[in-house]
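Enquirer:
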Amino acid sequence: TPQLADRLNVLAESATIAMAVKARELQAQGHDVIKLTLGEPDFKTPQFIQDAAVEAIQSGNHFKYTPVPGYPALREGIASKLKRDNGLDYKAENIVVSTGAKQSLINVLLSVVNKDDEVIVFTPYWVTYVEQVKLAEGVPVLVEGSLEKDFKVTPEQLRAAITPKTKAIMYSSPCNPTGSVYTKEELEALAEVLKDYPEIFVISDEIYEYINFGGEHASMAAIEGMKERTIIVNGFSKGHAMTGWRLGYIAAPLEVAKACNKIQGQVTSGTCAITQAAAITAVTGPLDETNKMKDAYLRRRDLVKSLLDEIDGIKTNLPQGAFYIFPDVSAFFGKSFGDTKIENSVDLTMYLLNEAHVSVVDGGSFGAPKCLRISFAASDEELKEACSRIKSALEKLA
Ligand code: PLP
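In the numbering used here, each number is its position in the sequence shown, counted from 1, plus 24.
Structure (structure tokens):
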């Protein structure tokens, strides 16, 4: 019989599938399950962007293939955004737009990683990084930021992880799953280490740029001497609440942009024309709606943080961006309730689902098996109810 490719064997099965099945079962039995697993805004795409898409359809001008790396006007708009928000000078030729930042990332990895090259992945990481590095036949090297250090990687840790095979480092800031945000000073300290290794690329995932509660967004590309080897990955999914529209982009050195263009030309021929037309309006438009959403996430962050702080045994950092909180729940390992024994964070997520009817994601999926990821892209009411249920369930464990 025909056999599937070996490539499939290196990819991890999504740990959340069993959870999703169980959640559906409980819902079918009539239970009210609160889902805090999602990585997407619970807001609608701002009206002016919706209107631009309708107009794009009605104009009749956006039914054909676009240029592979995206409409010139969109790439110019993105270049202006990078100047406006980040003080960075890019030309349209440095920008490639793709079907989500997720595709931008795989384009980049396929463009720079040779078989057995090492890619340093700051941990906790977004699940997809490690799987995509493996798909590109590279080797993910995990460097772990601890809760005590706000889950951030230190310059010493970075230096210790570099080998002659290191091809790139990759991380997100603001970070999914921890909400940590690297400051300009912290990036400068990492860049200082990288100065000794000019052959290493930096893949800087900035998709949560607009969901930053503290100060300014800092990009590695803005650190002196780093723009020439930094690949910014960004997109419209989070800041503009446009996950389903599928639009991400890179801003990169010309060689990398050309390579991604070449790959994309054989994979998708470029992303949706209507989405691109609407994105021209989004990227050059006002950020009022985006900032309102950010304010709502901030309010919810404070709410969830204060409710979780009331639970004995839970330790958290204070997320400075994105819409996740990533508590260390290892204090509950080894405890039980009735016949249910909690050995690890997978057991604990399953227990919370069964006992509290709240679904969250186990930290092991992000390289941090002591933790859980709770998304606060949900209503204040849901978050209050969920935290209260989590508290009661955890208090039953002994
Ligand atoms: N990067 C990070 C850190 C994310 O959390 C996500 C989405 O969850 C993405 C990239 C992908 O976004 P997109 O919808 O643009 O593919």
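Where is the CB? At the ideal position from N, CA and C, for every residue including glycine. All of these numbers come straight from a predicted model, not from anything done at the bench.
1. Check whether the Cβ of residue 236 lies closer than 6 Å to any heavy atom of the ligand PLP, and answer yes or no.
2. Per DSSP, residue 323 is paired with what?
3. If you draw a straight line from the C-alpha of residue 321 to the C-alpha of residue 117, how long is it?
4. If I'm right that residue 408 touches residue 331 with Cβ under 8 Å, what's the distance once you round it to whole angstroms?
5. Measure the C-alpha to C-alpha separation of residue 406 and residue 414 and round it to an integer number of angstroms.
6. Please give the ranges of any beta strand (DSSP E) in the region 85 to 157, keeping only runs that are unbroken, at least 3 residues long and fully inside the region.
7. Give the single residue among 28, 392, 349 and 218 whose Cα lies nearest to the Cα of residue 192.
8. Could you check what DSSP says for residue 236 in three-state terms: helix, strand or coil?
9. Anyone know if the C-beta pair for residue 114 and residue 302 falls short of 7 Å?
10. I want to check one thing, is the minimum distance from the CB of residue 422 to the heavy atoms of the ligand PLP below 6 Å?
11. Out of curiosity, what's the CA-to-CA distance linking residue 57 and residue 383?
12. What do you get for residue 313, buried or exposed, if any count of 16 or more other CB atoms within 10 angstroms of its CB means buried?
13. At what residues does the beta strand (DSSP E) containing residue 352 begin and finish?
14. If you follow the beta strand (DSSP E) that residue 253 is part of, which residue opens it and which one closes it?
15. Can you find a heavy atom of the ligand PLP that lies under 6 Å from the Cβ of residue 63?
16. Taking 7 Å as the limit between beta carbons, can you name the residues of its chain near residue 376, skipping five residues before and five after?
17. Going by CA-CA distance only, name the one from 142, 317 and 170 that's closest to residue 181.
18. State the DSSP-derived secondary structure class of residue 287, mapped to helix, strand or coil.
19. Does the Cβ of residue 200 lie closer than 6 Å to at least one heavy atom of the ligand PLP?
20. Would residue 237 pass as a contact of residue 344 if the rule is Cβ separation under 7 Å?
21. Determine, using beta carbons only, whether residue 298 and residue 86 come nearer to each other than 7 Å.
22. Can you round the beta-carbon distance between residue 197 and residue 230 to whole angstroms, since I take them to be within the 8 Å contact cut?
23. Does DSSP put residue 387 in a helix, a strand or coil?
24. For the pair the region 387 to 407 and the region 63 to 74, tell me if three or more CB-CB distances fall below 8 Å.
Expert: Per the coordinate set shown:
1. no
2. Listed as beta-bridge partners of residue 323 by DSSP are no residues whatsoever.
3. CA-to-CA, the gap between residue 321 and residue 117 works out to about 34 Å.
4. Taking 8 Å as the upper bound for CB-CB distance, residue 408 and residue 331 are in contact here, some 7 Å apart.
5. 12 Å
6. Here the runs fully enclosed are 119 to 122 and 142 to 147.
7. 218
8. strand
9. A distance of 7 Å or more separates the beta carbons of residue 114 and residue 302.
10. no
11. 7 Å
12. buried
13. It is not in any beta strand (DSSP E) - residue 352 carries neither H nor E in the DSSP assignment.
14. Segment: none, residue 253 is in no beta strand (DSSP E) and carries neither H nor E.
15. yes
16. 382, 384, 414 and 417
17. For residue 181, the closest C-alpha among the options 142, 317 and 170 is that of 170.
18. helix
19. The ligand PLP has a heavy atom closer than 6 Å to the beta-carbon of residue 200.
20. yes
21. At the C-beta level, residue 298 and residue 86 come within 7 Å of one another.
22. Between the beta-carbon of residue 197 and that of residue 230 there is about 7 Å, and that keeps the pair under the 8 Å contact cut.
23. helix
24. Flag = yes, the region 387 to 407 and the region 63 to 74 touch.
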